[in-house]
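Engineer: Protein chains in written order, with the numbering used here: chain F, -15 to 208; chain L, 121 to 269. The C-beta atom is built at its ideal place from N, Cα and C for all residues, glycine as well. Have a look at this one.
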């Protein structure tokens, strides 16, 4: 899933400093799973904004809404009756949310309340780690399910580099060296010879180098 | 700050310890300030960040959570979860310029009636010193400015 972190309350307060009423819209998708933009987080942000502005003597009316997903037009349409009743709308979805909202409601101002960070998963309760870089050409089958693109600090295809120290990356002692893990796993499985294959430079055209990406599924497309 | 300021405190008290300790304090005829409004919860682990924030939003001058001694939670780790949530709210209050001392977490057992009274006195004194919540102070100023009741 997409993992995100909430922006600081100061940053959000600054976005809506001129407003007297706003709508905070959460998303039940990825940001709910990583405890950033679901119902509870919408309520916490709304309460915090109200308290902060009440303290300043400039009360802010904050209403709350929660959409199934902010990355589908059908769900975005569910707030069409009320979205323009506010001076601004804060989206607690990943970066896709405020953009879809903005495209659907061109007369409204939308602000992101979260920083979208990476594609990852929960390795423990409350801890999320990056597992995918969305490079567009998955090669993890060559490395027993461990991704050197997302998880090696240098995205090396032919690692490890000289910076590995006791299984940790040179950038921080808390970061595992994924190449250390790949080599160990190959050794455990008796398939170390797999690593004799030299991978040529990766074709990054399927990653961001190809410009904004689009996925098209003809069998699902309606009306031509 | 007015000499006669009587703070309003909201205490989230665990059924198994703090609430029982409050009962004991009553049975022992102990005196403690009447400023504390108690909300009984099945475990302090039930107390969420939003409950604490709402208490402030609705005008509480101080808020505290009273749970079992660490390691003695009836639900194993509810009080430890509450401790982290209280710390989160402390940090949030600090970020928006409200004294973080207005919220705290206490641990006591059901046999600690006198400690319950002490906590009520300690928190009431602390909030008296801090003065009324800046929320009511500013909303009063705001209402006065706008000429609304």
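Could you say which of L:158, L:231, L:151 and L:194 lies nearest to residue 165 of chain L if we only look at CA atoms?
Structural biologist: Looking up residue 165 of chain L in the second chain gives position 45. Nearest option by C-alpha distance: L:194.
Engineer: Are any of the Cβ atoms in chain A nearer than 8 Å to that of residue 238 of chain L?
Structural biologist: Absent here is chain A; the protein component of the structure consists of chains F and L.
Engineer: Output needed for residue -2 of chain F: all residues of its chain with C-beta closer than 7 Å, excluding positions within five of it in sequence on either side, in chain order.
Structural biologist: The residue given as residue -2 of chain F occupies position 14 in the first chain. Nothing listed; no residue qualifies.
Engineer: Taking just the CA atoms, how far does residue 163 of chain F sit from residue 44 of chain F?
Structural biologist: Indexing the first chain from 1 puts residue 44 of chain F at position 60. Indexing the first chain from 1 puts residue 163 of chain F at position 179. Near 51 Å, if we compare the C-alpha coordinates of residue 163 of chain F and residue 44 of chain F.
Engineer: Under three-state DSSP, which class holds residue 1 of chain F?
Structural biologist: The residue you call residue 1 of chain F lines up with position 17 of the first chain. If DSSP states are grouped into helix, strand and coil, residue 1 of chain F belongs with coil.
Engineer: May I ask which residues mark the beginning and end of the alpha helix (DSSP H) holding residue 167 of chain L?
Structural biologist: Numbered from 1 along the second chain, position 47 holds the residue referred to as residue 167 of chain L. Taken as a continuous stretch (DSSP letters only), residue 167 of chain L belongs to no alpha helix (DSSP H), as it is neither H nor E.
Engineer: Over what stretch of residues does the alpha helix (DSSP H) that includes residue 47 of chain F continue unbroken?
Structural biologist: Here residue 47 of chain F is taken as the residue at index 63 of the first chain, counted from 1. Premise fails: residue 47 of chain F lies in the beta strand (DSSP E), 45 to 51, not in any alpha helix (DSSP H).
Engineer: Check the Cβ of residue -7 of chain F against every Cβ in chain L and list those closer than 9 Å, keeping chain order.
Structural biologist: As a position in the first chain, residue -7 of chain F is number 9, starting the count at 1. By Cβ distance, chain L contributes 212, 215 and 216.
Engineer: Could you list which residues in chain F have their beta carbon closer than 8 Å to that of residue 249 of chain L, in chain order?
Structural biologist: Taking the first residue of the second chain as 1, we reach residue 249 of chain L at position 129. Here the premise fails: no neighbours, minimum Cβ distance about 19 Å.
Engineer: Would you tell me roughly how many angstroms separate the C-alpha atoms of residue 194 of chain F and residue 78 of chain F, rounded to the nearest one?
Structural biologist: Position 210 of the first chain, counted from the first residue, corresponds to residue 194 of chain F. Position 94 of the first chain, counted from the first residue, corresponds to residue 78 of chain F. So the two alpha carbons sit approximately 22 Å from each other.
Engineer: What do you reckon, are the CB atoms on residue 128 of chain L and residue 180 of chain L nearer than 8 Å?
Structural biologist: Here residue 128 of chain L is taken as the residue at index 8 of the second chain, counted from 1. Here residue 180 of chain L is taken as the residue at index 60 of the second chain, counted from 1. Yes, these two residues count as a Cβ contact at 8 Å.
Engineer: Consider the Cβ of residue 35 of chain F: report whether some Cβ of chain L lies at a distance smaller than 8 Å.
Structural biologist: Stepping through the first chain from its first residue, residue 35 of chain F is reached at position 51. Output row for residue 35 of chain F: interface = yes.
Engineer: Return the chain-ordered list of same chain residues with a C-beta closer than 8 Å to the C-beta of residue 57 of chain F, the five sequence neighbours on each side being excluded.
Structural biologist: In the first chain, the residue the question calls residue 57 of chain F occupies position 73. Around residue 57 of chain F: 84 and 88.
Engineer: Between the Cα of residue 160 of chain L and the Cα atoms of L:151, L:219 and L:171, which residue gives the shortest distance?
Structural biologist: Residue mapping note: residue 160 of chain L aligns to position 40 of the second chain, counting from 1. It is L:171 whose Cα lies nearest to the Cα of residue 160 of chain L.
Engineer: Out of F:139, F:26, F:-15 and F:61, state which residue places its alpha-carbon closest to the alpha-carbon of residue 188 of chain F.
Structural biologist: Within the first chain, residue 188 of chain F is the residue found at index 204, counting from 1. Checking every option, the nearest Cα to that of residue 188 of chain F belongs to F:139.
Engineer: Flag residue 32 of chain F as yes if its beta-carbon sits less than 8 Å from any beta-carbon of chain L, otherwise no.
Structural biologist: Counting from one through the first chain, the residue named residue 32 of chain F turns up at place 48. Closer than 8 Å: yes.
Engineer: Please state whether the Cβ-Cβ distance between residue 251 of chain L and residue 125 of chain L is less than 8 Å.
Structural biologist: Numbered from its first residue, the second chain carries residue 251 of chain L at position 131. Numbered from its first residue, the second chain carries residue 125 of chain L at position 5. Yes, these two residues count as a Cβ contact at 8 Å.
Engineer: Just mark residue 114 of chain L as buried or exposed, buried being the case when its beta carbon has 16 or more other beta carbons within 10 Å.
Structural biologist: Residue 114 of chain L cannot be examined here, being either before or after the span of chain L that is shown, 121 to 269.
Engineer: Please report how far the alpha carbon of residue 262 of chain L lies from the alpha carbon of residue 213 of chain L, in whole angstroms.
Structural biologist: As a first step, residue 262 of chain L must be located in the second chain, where it is residue number 142. As a first step, residue 213 of chain L must be located in the second chain, where it is residue number 93. Its pLDDT being 42, under 50, residue 262 of chain L is placed unreliably in this model, and the coordinates cannot settle the point.
Engineer: For a quick check, are the C-beta atoms of residue 224 of chain F and residue 107 of chain F less than 8 Å apart?
Structural biologist: Nothing about residue 224 of chain F can be read from this structure; chain F reaches only from -15 to 208.
Engineer: I want to see whether chain F comes within less than 8 Å of residue 127 of chain L, judged by CB atoms only; does it?
Structural biologist: Taking the first residue of the second chain as 1, we reach residue 127 of chain L at position 7. Output row for residue 127 of chain L: interface = no.
Engineer: For residue 152 of chain F, which of helix, strand or coil comes out of DSSP?
Structural biologist: Taking the first residue of the first chain as position 1, residue 152 of chain F is located at position 168. Strand.
Engineer: Could you list which residues in chain L have their beta carbon closer than 8 Å to that of residue 39 of chain F, in chain order?
Structural biologist: Along the first chain, read from residue 1 onward, the residue named residue 39 of chain F stands at position 55. Under the 8 Å cutoff, chain L gives 216, 217, 218, 254, 255 and 258.
Engineer: Shorter than 8 Å from the beta carbon of residue 176 of chain L to some beta carbon of chain F?
Structural biologist: Within the second chain, residue 176 of chain L is the residue found at index 56, counting from 1. Yes, its Cβ sits closer than 8 Å to a Cβ of chain F.
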